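Student: First, the structure itself, so that you have it in front of you.
2 protein chains.
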Amino acid sequence: MNTIKNLHVHSTAAPNSLKAAVGSSLNCYTRKHCVACKLGDIHLSQFERLGKRRVLRKGEQLFRQGDTFQSLFVVQSGSVKSSVVGDDGEEQITGFHFPGDMLSVDGMDSGQQTYSAEALETTSICEFAFRDFERISESMPDLKSQFFKVMGKELSREKKRMLVLGRMRAEQRLATFILDTSRELRSRGQANDSLTFSMTRQDIANYLGLAVETVSRLLSQFAATDLVRVQRRSLEVLDRPNLENLAQGFQPTAQLIARSA
Amino acid sequence: MNTIKNLHVHSTAAPNSLKAAVGSSLNCYTRKHCVACKLGDIHLSQFERLGKRRVLRKGEQLFRQGDTFQSLFVVQSGSVKSSVVGDDGEEQITGFHFPGDMLSVDGMDSGQQTYSAEALETTSICEFAFRDFERISESMPDLKSQFFKVMGKELSREKKRMLVLGRMRAEQRLATFILDTSRELRSRGQANDSLTFSMTRQDIANYLGLAVETVSRLLSQFAATDLVRVQRRSLEVLDRPNLENLAQGFQPTAQLIARSA
DNA sequence: CGCTCCCTTGATCAAGGTCAAGCTTGGTGG
DNA sequence: CCACCAAGCTTGACCTTGATCAAGGGAGCG
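This is the structure we're talking about:
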């Protein structure tokens, strides 16, 4: 939940240009997910030759921390995890990314990627040379403004994540994760209360700053109290209100206490 | 450690214009801290009427989470803490900000402030209307590019913070905090190994996701092992190498083990 | 002078990490 | 097509870290 979200490149004025550039498989689920769709009737055909399609298999890396920054990436299908490693080699997953999310903007400052990105499943990506982006956006100042908004959104998202990592107990973290992921996937057109994880429990645990065992135990507990139904990588939210209570750190209802005791 | 850093507005071509706009007390410590100094000989006088000076006393808020976003702020002197609150009212301090740091960029997306900012001491701030910024930057595309870099830097900083909050043990967190803060203040011209905190222990603890008592105990312990010398709000780094070891999670040296046992 | 806020230190406790073991499942090769 | 293997997941037992509770000390301010 920790990416440049909502960077769907959607063309209104020129239906085929951008979409074609980005690749045919990209669907623009909603208007508000678009960077380009707010640009009005600006001529978009300049983008036509920009996008380069790329397919990664599970486990393949899109880029690594330290790589030279030269491209912006947009996830078209599949999913990606991003992570940073500390001096000691400790790895922290910083986000999971779904179709429409943009990757690698951090690098603009240093000229280096500040994190690594790896496909969680077979994933297709659209790559734009940053050089081209800069050149073209000079004649389209609104595009840059739109980017500010996107980056601002990302910044505020990361701040919320600090709340999760800094203040929440394990239960809250997991409940929050489930709700956020559910919302995230729902906004991309998936079914209402059921979702399928592309990441392992280990990934989830790392992302939440917990041990795998804790995640596993809590999922079992959530299932035992009928908050969710879990089977392997697929999860169904059964009791959203109580899950939200948990996420906010409220005491579980009496019913829950009884069951989980 | 979690702001838009290094937004010193420094004029090269027109020595008095920007600097005057920002306020006379702002010093541009180093070249690389500047947004504007990379703009070359672009005419900067347009900024002249932009900045509005504002002074806050300790405890006063610059803005609150949820406020309408309409300005960008640059810290000129003093210091500021920023924080987010969750649905449950839990507060998480997301960063401390020093002269040259920019505040409130997150709001560009939603039109609302996504966090609150409060002065830690008497602090002077320069306020720019975002509207003006946008208008002017249309004729100065480099200014926007510079902003991308600044925001990219901020994003990568927040990612590092996830590593702190998600993976590090208390000792590591505090050691990291001391080193980061020291570096931060050093780059602003303060003495090499001594620093003075403007924030309370409670603030530090909250920022690091710890309890006050833990911070207090660890500081005492660091002092007992001659890593630092502490007196009230002032701290002197005595043994940087071993502090760095601690920050990276390495076992303390034999000497340290003996002493702290 | 005394009050309040901040900080420190000690004692106890619980959340969650670690270690260990076994189970499930999907992929691979025979 | 089946058997086996490795990777991932679950569950249990135990232990460590750091939170919580409690009490007291100092410094700045009215």
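One line per chain: the protein sequences are G and E, in this order. According to this note's numbering, the first sequence is numbered sequentially starting from 794. According to this note's numbering, the second sequence is numbered sequentially starting from 794. We treat Cβ as the ideally placed atom computed from N, Cα and C, and that holds for glycine. From a predicted model like this one, the values you see are computed outputs, not experimental measurements.
Is it buried or exposed for Phe1015 of chain E, if we count other Cβ within 10 angstroms and need 16 for buried?
Tutor: Sequence index remark: in the second sequence, residue 1015 of chain E carries index 222 (1-based). Burial call: buried.
Student: In its own chain, which residues sit with a C-beta less than 8 angstroms from the C-beta of Arg1022 of chain G, not counting the 5 before and 5 after it?
Tutor: Position 229 of the first sequence, counted from the start, is the residue given in the question as residue 1022 of chain G. Correct list, in chain order: Ala1016, Leu1028, Glu1029 and Leu1031.
Student: Which chain E residues sit within Cβ distance under 8 angstroms of Val877 of chain G?
Tutor: What you label residue 877 of chain G is simply residue 84 of the first sequence in a count that begins at 1. Those within 8 angstroms of Val877 of chain G in chain E are Lys952, Lys953, Met955 and Leu956.
Student: Interface residues of chain G around Gln1041 of chain E at Cβ under 8 angstroms?
Tutor: If you number the second sequence from 1, residue 1041 of chain E lands on position 248. Result: Gly879, Asp880 and Asp881.
Student: What in chain E is Cβ-close to Ser907 of chain G, meaning under 7 angstroms?
Tutor: In the first sequence, counting from the first residue as 1, residue 907 of chain G sits at position 114. Reading off the sequence, residue 907 of chain G comes out as Thr, not Ser. Those within 7 angstroms of Thr907 of chain G in chain E are Ser949 and Lys952.
Student: According to the Cβ coordinates, are Gln885 of chain E and Gly959 of chain G closer than 7 angstroms?
Tutor: As a first step, residue 885 of chain E is located in the second sequence; it is residue number 92 there, counting from the start. As a first step, residue 959 of chain G is located in the first sequence; it is residue number 166 there, counting from the start. It is a contact, given that the beta carbons lie within the stated cut-off.
Student: Taking its Cβ as the centre, do 16 or more other Cβ atoms sit within 10 Å of Ser1013 of chain E, making it buried, or is it exposed?
Tutor: By 1-based counting over the second sequence, the position of residue 1013 of chain E is 220. By the neighbour-count rule (16 or more Cβ atoms within 10 Å), Ser1013 of chain E is not buried but exposed.
Student: What do you get for Arg850 of chain E, buried or exposed, if any count of 16 or more other CB atoms within 10 angstroms of its CB means buried?
Tutor: Reading the second sequence from its first residue, position 57 is the one you call residue 850 of chain E. Exposed: under 16 other Cβ atoms inside 10 Å.
Student: Go ahead and pull the three-state DSSP assignment for Gln869 of chain G.
Tutor: Position 76 of the first sequence, counted from the start, is the residue given in the question as residue 869 of chain G. Reduced to three states, the DSSP call for Gln869 of chain G is strand.
Student: Between the segment 928-944 of chain G and chain E, which residues of the former have CB atoms less than 9 angstroms from a CB of the latter, in chain order?
Tutor: Listed by position along the chain: Ser930, Glu931, Pro934, Lys937, Ser938, Phe940, Phe941, Lys942, Val943 and Met944.
Student: Under the three-state reduction of DSSP, which class applies to Ala984 of chain G: helix, strand or coil?
Tutor: Numbered from 1 along the first sequence, position 191 holds the residue referred to as residue 984 of chain G. DSSP places Ala984 of chain G in coil when its eight states are reduced to three.
Student: Run through the segment 960-1015 of chain E for me and flag every whole alpha helix (DSSP H) of 4 or more residues, listed as ranges in chain order.
Tutor: Listed in chain order, the complete alpha helix (DSSP H) runs (minimum 4 residues) inside the segment 960-1015 of chain E are 963-979 and 994-1001.
Student: Compare the C-alpha of Leu855 of chain G against each of G:Gln869, G:Ser870, G:Ala910 and G:Met901 and name the closest.
Tutor: Here residue 855 of chain G corresponds to residue number 62 of the first sequence, with the count starting at 1. The residue with the shortest Cα to Cα distance from Leu855 of chain G is G:Ala910.
Student: Would the segment 869-876 of chain G and the segment 988-1002 of chain G be scored as touching if the rule is three or more Cβ pairs under 8 angstroms?
Tutor: Contact holds: three or more Cβ-Cβ distances are below 8 angstroms.
Student: To the nearest whole angstrom, what separates the beta carbons of Phe891 of chain E and Glu951 of chain E, a pair I think is in contact under 8 angstroms?
Tutor: Locating residue 891 of chain E in the second sequence gives position 98, where the first residue counts as 1. Locating residue 951 of chain E in the second sequence gives position 158, where the first residue counts as 1. Not quite, the Cβ-Cβ distance comes to about 17 angstroms (not below 8 angstroms), so this is no contact.
Student: With a threshold of 7 angstroms between beta-carbons, can Thr887 of chain G be considered close to chain E, or not?
Tutor: As a first step, residue 887 of chain G is located in the first sequence; it is residue number 94 there, counting from the start. So, interface residue.
Student: Apply the 10 Å Cβ neighbour rule to Thr907 of chain G and answer buried if 16 or more other Cβ atoms are within range, or exposed otherwise.
Tutor: Reading the first sequence from its first residue, position 114 is the one you call residue 907 of chain G. Answer is buried; the Cβ neighbour count reaches 16.
Student: Would you call the CB atoms of Ser917 of chain G and Val848 of chain G closer than 7 angstroms?
Tutor: Taking the first sequence and counting its residues from 1, one reaches residue 917 of chain G at position 124. Taking the first sequence and counting its residues from 1, one reaches residue 848 of chain G at position 55. The answer is yes: Cβ separation under 7 angstroms.
Student: Nearest to Met944 of chain E by CA position, among E:Arg846, E:Glu883, E:Val898 and E:Asp935, is which residue?
Tutor: Position 151 of the second sequence, counting from 1, holds the residue named residue 944 of chain E. The candidate whose alpha carbon is nearest that of Met944 of chain E is E:Val898.
Student: I'd like the span of the alpha helix (DSSP H) that includes Cys930 of chain G, first residue to last.
Tutor: Position 137 of the first sequence, counting from 1, holds the residue named residue 930 of chain G. The amino acid at residue 930 of chain G is misidentified as Cys; the sequence shows Ser. That run of the alpha helix (DSSP H) goes Phe923 to Glu931.
Student: Using DSSP with H/G/I as helix, E/B as strand and the rest coil, what is Gly1042 of chain G?
Tutor: As a working note, residue 1042 of chain G is residue 249 in the first sequence. In this structure, Gly1042 of chain G counts as coil in the three-state DSSP scheme.
Student: In angstroms with no decimal places, state the Cα-to-Cα distance between Asn1038 of chain G and Glu883 of chain E.
Tutor: Residue mapping note: residue 1038 of chain G aligns to position 245 of the first sequence, counting from 1. Residue mapping note: residue 883 of chain E aligns to position 90 of the second sequence, counting from 1. If you take the alpha carbons of Asn1038 of chain G and Glu883 of chain E, they lie about 14 angstroms apart.
Student: Which chain G residues sit within Cβ distance under 8 angstroms of Val1008 of chain E?
Tutor: Position 215 of the second sequence, counted from the first residue, corresponds to residue 1008 of chain E. Near Val1008 of chain E there are no residues of chain G at all, since even the closest Cβ is about 13 angstroms away, more than 8 angstroms.
Student: Return the CA-CA distance between Asp1019 of chain G and Met955 of chain G, expressed in angstroms with no decimal places.
Tutor: Stepping through the first sequence from its first residue, residue 1019 of chain G is reached at position 226. Stepping through the first sequence from its first residue, residue 955 of chain G is reached at position 162. The straight-line gap from Cα to Cα measures roughly 29 angstroms.
Student: When you compare the CB of Val1021 of chain E with every CB in chain G, is at least one pair closer than 7 angstroms?
Tutor: For the purposes of this step, residue 1021 of chain E is identified with residue 228 of the second sequence, where counting begins at 1. Closer than 7 angstroms: no.
Student: Is the beta carbon of Ala968 of chain G sitting closer than 7 angstroms to the one on Ala1040 of chain G?
Tutor: Along the first sequence, read from residue 1 onward, the residue named residue 968 of chain G stands at position 175. Along the first sequence, read from residue 1 onward, the residue named residue 1040 of chain G stands at position 247. Closer than 7 angstroms, so yes.
Student: Taking the beta strand (DSSP E) that Ser1027 of chain G falls in, what are its first and last residues?
Tutor: Your numbering for residue 1027 of chain G matches position 234 in the first sequence. First-last of the beta strand (DSSP E) with Ser1027 of chain G: Ser1027 to Val1030.
Student: Does the beta carbon of Val868 of chain G come closer than 7 angstroms to any beta carbon on chain E?
Tutor: Against the first sequence, residue 868 of chain G aligns to sequence position 75. By this cut-off, Val868 of chain G is not an interface position.
Student: What are the boundary residues of the beta strand (DSSP E) that Gly888 of chain G is part of?
Tutor: Along the first sequence, one-based indexing puts residue 888 of chain G at 95. Its beta strand (DSSP E) spans residues Glu884 to His890.
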